[in-house]
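Enquirer: Chains as they are written, first to last, in the numbering used here: chain V, 1 to 176; chain E, 177 to 285; chain F, 286 to 930; chain H, 931 to 1443.
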Amino acid sequence: MVDWIVFVVGAVIAIAGALGVLAAKQPVHSAVLLVMTLFGVAVLFVSQEAHFLAAVQVIVYAGAIVVLFLFVIMLLGVDRSEDVRVETLKAQRQIAAVLGVLALAELVALSRFHFVLGTKSVAGAASEPGANVELIGKSVFTRYLYPFEITSVLLVIAVIGAVVLSRRIRTSEDVR
Amino acid sequence: MNLVAATTSVPGAWYLAVAAVLFTIGAVGLLSRRNVLVMFMCVELMLNAVNLTFVTFARMLDDIGGQVLVFFTLVVAAAEVVVGLAIIVSIFRGRVEGATADSANILKG
Amino acid sequence: MLELVWLIPALPLLGFLILVFGGKRIGEPNAGRLGAAMVGASFLVTVGVFFDLLSRHGEQRSFTRVLFTWLPSGGLKVNAAILADPLSITMALFVTGIGTLIHIYAIGYMHGDERFARFFVYMNLFVFSMLALILGDSFLTMFLGWEGVGACSYLLISFWFERDSAASAGKKAFVVNRVGDFGLMMAMFLIFSKAGSLTYANVFEFAKAGSFTRTAATAACLLLFVGAIGKSAQLPLYVWLPDAMEGPTPVSALIHAATMVTAGVYLMVRIHPLFLVASPNALHVVAWVGALTALFAATIACAQDDIKRVLAYSTMSQLGYMFLAVGVGANTAAIFHMVTHAFFKALMFLGAGSVIHGMHDEQNIKKMGNLRKWMPITFITYLVGWLAIAGIPPFAGFWSKDDILLAAYRDNKVLWLMALFTAILTAYYMSRQFFLVFFGKERFLHDAQTVAAIGPNDAHVRDHPHESPPTMWLPLVALAGLALVGGAINLPFNAKTEFLGKWLESVDLGGRPILAGGALKYGLAAVTVVLGLVGVAIAYNFWLRTNDARAQAALEPALLQRAYGVDGLYSAVIETPGRLLSAWLAFVFDRKIIDGAVNGLGLVVRFAGGKLRKLQTGYVRNYALGIAGGMVLLLAYALARAGIQ
Amino acid sequence: MQPSVSFPILSALVLVPVIGAIVVALLPKSRAEIVKLVGLGFSLITAAMAGWMLVAFHKGEAGYQFVSKHAWIKTWGISWHLGVDGISLFLIVLTGLLFPIAIWGPDERRDIKAYIAWILVLEAGVMGVFLSLDLFLFFVFFEIVLVPMYFLIGGWGHENRVYAALKFFLYTMAGSAVMLVAMLTLVFLNKSHTGVMTFDLLELSKANLATSTARWLFLAFALAFAIKVPVFPLHTWLPDAHTEAPTAGSVVLAGVMLKMGTYGLLRFGMGLFPEASTWIAPAMLTLAVIGIIYGALVATVQSDLKRLVAYSSVAHLGFIIMGTYAFTTPSLTGGVIQMVNHGLSTGALFLLVGWIYERRHTRQISELKGLFKLAPVLGGVFLLVMFSSIGLPGLNGFVGEFLILIGTFASRRWWAVVAGTGVILAALYMLWAFQRTFHGEPDEVNRDHMHDLTLRERLSIAPLLMLIVFLGVYPKPVLERIEPSVKALLIHVENGSGTVESRVSSGVVESAE
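#1: In this structure, what does DSSP give as the bridge partners for R350 of chain F?
#2: Between which two residues does the beta strand (DSSP E) containing L1012 of chain H stretch?
#3: Who are the Cβ neighbours of I1206 of chain H in its own chain at under 6 Å, not counting the five residues just before and after it?
#4: How should D687 of chain F be labelled, buried or exposed, when 16 other C-beta atoms within 10 angstroms of its C-beta is the threshold for buried?
#5: My assumption, with CB atoms under 8 Å, is that G515 of chain F sits in contact with N462 of chain F. Please give the rounded CB distance.
#6: If I measure Cβ to Cβ from H988 of chain H and keep anything under 7 Å in the same chain, skipping five residues before and after, which residues do I get?
#7: Run through DSSP, which three-state label would L44 of chain V get?
#8: What would DSSP say about F301 of chain F, mapped onto helix, strand or coil?
#9: Hey, would you say P1036 of chain H sits closer than 8 Å to T1173 of chain H, going by beta carbons?
#10: Extract the residue ranges of the alpha helix (DSSP H) inside the stretch 639 to 694 of chain F, only unbroken runs of 4 or more that lie entirely within it.
#11: Hey, which unbroken runs of the beta strand (DSSP E) at 3 residues or more fall wholly within the stretch 510 to 536 of chain F?
#12: Does K726 of chain F come out as helix, strand or coil in the three-state DSSP assignment?
#13: Could you name the residues of the same chain whose beta carbon sits closer than 6 Å to that of G20 of chain V, not counting the 5 residues immediately before and after it, in chain order?
#14: Check this for me: beta carbons of M415 of chain F and G430 of chain F, under 8 Å apart or not?
#15: Does the stretch 251 to 267 of chain E come close enough to the stretch 149 to 169 of chain V that 3 or more CB-CB pairs lie under 8 Å?
#16: Under DSSP, the beta strand (DSSP E) around Q995 of chain H begins and ends at which residues?
#17: Quick one: what does DSSP say T381 of chain F is sitting in, helix, strand or coil?
#18: Which residue from H:W1086, H:E1073, H:T1292 and H:I1157 puts its Cα closest to that of L1110 of chain H?
#19: Provide the residue(s) that pair with R1294 of chain H in DSSP beta bridges, ordered along the chain.
#20: With a CB to CB cut of under 8 Å and the five nearest residues on each side skipped, what residues in its chain are close to G643 of chain F?
#21: Can you tell which of F:A615, F:K493, F:M601 and F:E531 has the C-alpha that lies nearest to the C-alpha of M553 of chain F?
#22: Between which two residues does the alpha helix (DSSP H) harbouring R1197 of chain H extend?
#23: Which residues, in order along the stretch 910 to 921 of chain F, keep a beta-carbon less than 7 Å from a beta-carbon of chain V?
#24: Among H:R1197, H:H1165, H:L1100 and H:T1192, which has the Cα closest to the Cα of L1131 of chain H?
#25: Checking contacts by CB at 8 Å: is L110 of chain V closer than that to chain F?
#26: Kindly indicate which residue of F:Y407, F:A458, F:M395 and F:A365 has the alpha-carbon position closest to the one of F424 of chain F.
#27: Is the Cβ-Cβ distance between E531 of chain F and A451 of chain F less than 8 Å?
#28: I need the DSSP call for K899 of chain F, collapsed to helix, strand or coil.
#29: When DSSP labels each residue in this structure, what does D238 of chain E get in the three-state scheme?
#30: At least one CB of chain E closer than 8 Å to the CB of L34 of chain V: is that the case?
#31: Assuming contact is defined by CB atoms lying nearer than 8 Å, are G1327 of chain H and N1376 of chain H in contact in what I supplied?
#32: Please return the same chain residues whose Cβ sits closer than 7 Å to the Cβ of L410 of chain F, not counting the five positions on each side in sequence.
#33: What are the residues of the stretch 133 to 145 of chain V that lie near chain E, defined by any Cβ-Cβ distance shorter than 7 Å?
#34: Within the same chain, show all residues whose beta-carbon is closer than 7 Å to that of T229 of chain E, passing over the 5 residues directly before and after it, in chain order.
#35: Since G63 of chain V meets chain E, which of its residues come closer than 8 Å, beta carbon to beta carbon?
#36: Helix, strand or coil for S496 of chain F, going by three-state DSSP, please let me know.
Here it is in structure tokens:
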């Protein structure tokens, strides 16, 4: 019974947050609501015994990424409210809504089938003794060591990329 | 596939449903909002939905692989956000009228 | 001498080659002399071969000399070979004989022409082609000569190509001849597809063996007749002959009187074995076309003012007689008339040439008159020619035409009557021309001058007509002699005097014997003579004794002067629609429709490109929409696949 | 039995022009004369080799001679496989003959280096097309030929040359693209049957395909070749390409490149798909006959001399196609020899028209008048070539035309009858054009521009004239060499399709000679 309550609470928080991100006029509000969604999802993680991920979710996602968003919002000074109802592109919203509904319907229909493609990945049982973190750590550093190293390289590249991209070229006429 | 009773009794399908809804909201948001940053956040939403699905499957199939994948998607998401925002910054720096995706249409056919 | 039979065509060919490359250097008189010498030598060889053949009897009077294999391909094996038999040698005799005389004449006539040498190039090539035609041993070698003479007549008619009328006359002659040649080609293909060979010997043997079906033989004969019509200017392919008078007069004499136009008759006589196998109405067709053409041409000739056009229509008419003779089965009479006609018609053409030469290129007989005072020799020789064609005994024309009339009388009374009436017309229009040119008042003098003022040898008056030089009147005299004695080769009195009949017998012409009953024969002869004199009398009465303009106009209705307007009809029915069709095909169909389709394809591609370009709106979110659409489709596919499992 | 010396003559025939092109490309641009001489030298070497091959060719044999076969791409069974037989022999000799004339005849002033280089590359391509017995190799050469021709028309052409060059290129390319697809399908089908992957013509012609697939594949091949020939509805690129091409381009285009289509239909059309060839015969015959009449009719009203000759080529090639698809020995032999004859007479015609253009800078018939009086030798030569083109007996045109017509009459009577009228129309448009340009009194403009043929021009056209007369008078040696291969091809078609040639035309009947 408790499980259900946790699930519902988590789900409601997540979905409400998501809708809020969508509807908010101010980007800052969107950012905050995004954090709320993240928490909702974190709750659902916990209810599914993925404690480590919930923690990482909160720390990395909510803590770092959304903060970065806010930082950029401030930097670009885009805090002016955007008239949500105005849509420059013709029929953009209508089609988006239709596609959204369609996609949802398909996903729901699909979720009823055990739609399995390809071979079964064997990364070790989730229910073995020991904490969730140990299990993840064991499989990451054994089977998935190779991808782990690549992601680290990815992160380095991302950092360098960000620095290069956002560097302002010191041209002579650039007085600002 | 032995479902371990210890975890929550709520069947996975519900979680998947929630993830689907989250994903769709993210998609619709991406398509309808004009502000670049909000679009970006919607992308994050979609990513979270996917992570949720992974975790649900990890639980349903009792296979830690799902959670490991989420670990990796997080990394990728982080990298993506960093680079994305850098691009947004470089494009929309000094723009007066705010960062709307439609203003950058030089590549018009 | 028979061994040297290949020399006959080789000599004119040699002359042609020498003149083609060396013509300009050889220059004015010698080029002509060389040409004439070559043809003359060829004539001598022919005479030698003639006597050789004469010494043989019956079947051996045929000698084939294969030179080389021309076209070996699959079942077809055609040799370039020469067939010397009585028929071909008879033709060769008068072709080379008269050819030589005309070459000599041309030396004088073409005097001063800037392309003097080139004239003899074409003339020698013509004689070679004509000899190839008549000496060829197969349909294909004959066809080589057939089209060769066509090409040479094109070159010679349009010799003075500065004149547009001459150029288009040449083109017209070649194209109309080509229409006839088309018929001949089809006949050759039919014969080959049936007999498997094109050589006369094989084909006729195949026919004698009776393996030719009647319809195939008839079709072949009629198609060959189409060729003959084209070449011998019979109805309906005759339109080119009157225009061919644009060429120099020696050309008209040689090609359009004596030799080329007789090729059709030669062909009809040569394929006689085929006619035997074919159905009789094939020969009827030949007879009727011949008779109709004779009558048709004779009527037009009565109303022509150009001295050469009268002769041209007269030639057409006399050829009609020859075809009539072939049609009624009197091949010997046809050949006999062909030979005599060659004599007197060449004579009259050359005479006309001499008149034109003397009158400084004046061709309208209405502007001549009383030329007998200024051109006595031309007058006398022309007189012989006139009497010969009018059918007055003892001149050659009478004997040959009488044979034809006799044969026609025996075979088909209607044709005989038509032939008789044509004979009257012939006598009339020739006498009309003769009287207008040589008798009556000098219509070429300006009113101020009077006859007395100009003495016959008063040379200083610029446009005073003068006699032609010896090189021109010597051939005239020779031809006059031939026209006089020409009849001797086939006098109808008894078997012995029928020399030509016996001579051609071995070529199994199978003509029905002409020796009808004595009384009938002489009676008919008398009738033709009387009618001839009637024609002469009518002409004398209207064109010499009285000068009643109104009566004369009545005798020359506009319809006849315009030759029934057939030329206009042809151009309206064939030429103009043809040109319109080609123009439509070229500028509308080809350029607009086909080319349009091709260019259209290009336009479609560009148009599609234009439309697709619009998809790139430039808005990032549109592209996102595209991706979302793709996602939905993928999910749908996954759903479908999942559904199936 | 191969000649003892194993000098790869055929490969040399293809490679020497290529080497020539490279050498010419490296020469200094300044000395135009040198470049032209070197170009001429190389093409003369090729011509000499072709002549030697002609002499060394064994008369009676039907099979391929001087075969040189080296593996090229083993994995796909592609080999550098060249061979010559009766059918391709004289096309090679014609190519060898035409190219030196095309280089030496017209005096092109502009950018001579690239011009000569492109012509030599073109020669290599054309040689390759006629020699290759490997489908892949054939396709490569079939495509290579387009590039130099495109640049020749585009670079040295006349007024709207770019349109003509592009149209020519795209039109032919479209056709050959379809052919490539069919080629690959054929190879893979054959691989599935026999298990071995090969592009070799001889193996592939043994492949037994289902009739319907064979027909579809044949249609693809036939489309590419029909465009090249050109067959009636696909011909509209030819007049533009000819009118705009420089003289050398036109001479070569009409002389040999059109024959790639007819040769392809013979060698690859009948070789690979005998049954389909007989199945399509009535259609091709009808298109050919339409082409003959249509080409002639449209030619009569052309105002541009080159365009007129182009349409006459459509008519002449219509005859060749008719001969090919009548399936009798005389018609096929006639078809092959007519390819050579057409090359000679139309090549000469284009040379003459080119020279007239060099003197008067116009091709419009209306502006030319009375040339015969001003340039008698040019007039005489034009007359001879014109008579050859309209098929006057005693000249080469007649030999081919007559054999085609008599062969077609034996098997397909009424087509031959209709095509026969083409002979009349040919005379009409040629003589009319001749009359308008050469006859009549020359006006002032013509008088001072026109001069007679120079020695160089007479020398360059002399070989063509000699051959025109020689082949007309004594075609026996040529016919004897063509016939064995034609008979072999016909037997191949008969085995493949079961239609038997009428015994009269095939010479089986023992006529009484």
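Where a beta carbon is used, it is the ideal one built from N, C-alpha and C, also for glycine.
Expert: With the given structure in hand:
#1: F:I367
#2: I1008 to V1014
#3: For the record, residue 1206 of chain H in the displayed sequence is Ala; it is not Ile. Excluding residues within five positions, the ones whose Cβ falls inside 6 Å are A1144, R1145 and F1148.
#4: buried
#5: 5 Å
#6: Q995
#7: helix
#8: helix
#9: no
#10: 661 to 675
#11: none
#12: coil
#13: L33
#14: yes
#15: yes
#16: Q995 to I1003
#17: helix
#18: H:E1073
#19: The question names Arg, but residue 1294 of chain H is Gln in the sequence shown. Note: Q1294 of chain H sits in a beta bridge opposite H:D1234.
#20: L656, W659, M660, T663, P750, H751, E752 and S753
#21: F:A615
#22: No alpha helix (DSSP H) contains R1197 of chain H, which DSSP labels as neither H nor E.
#23: L910, A913, G914, M916, V917, L920 and A921
#24: H:R1197
#25: yes
#26: F:A365
#27: yes
#28: coil
#29: coil
#30: yes
#31: no
#32: F301 and C437
#33: L135, I136, S139, V140 and Y144
#34: L192 and A195
#35: What G63 of chain V touches in chain E: nothing, since even the nearest Cβ is about 11 Å away.
#36: coil
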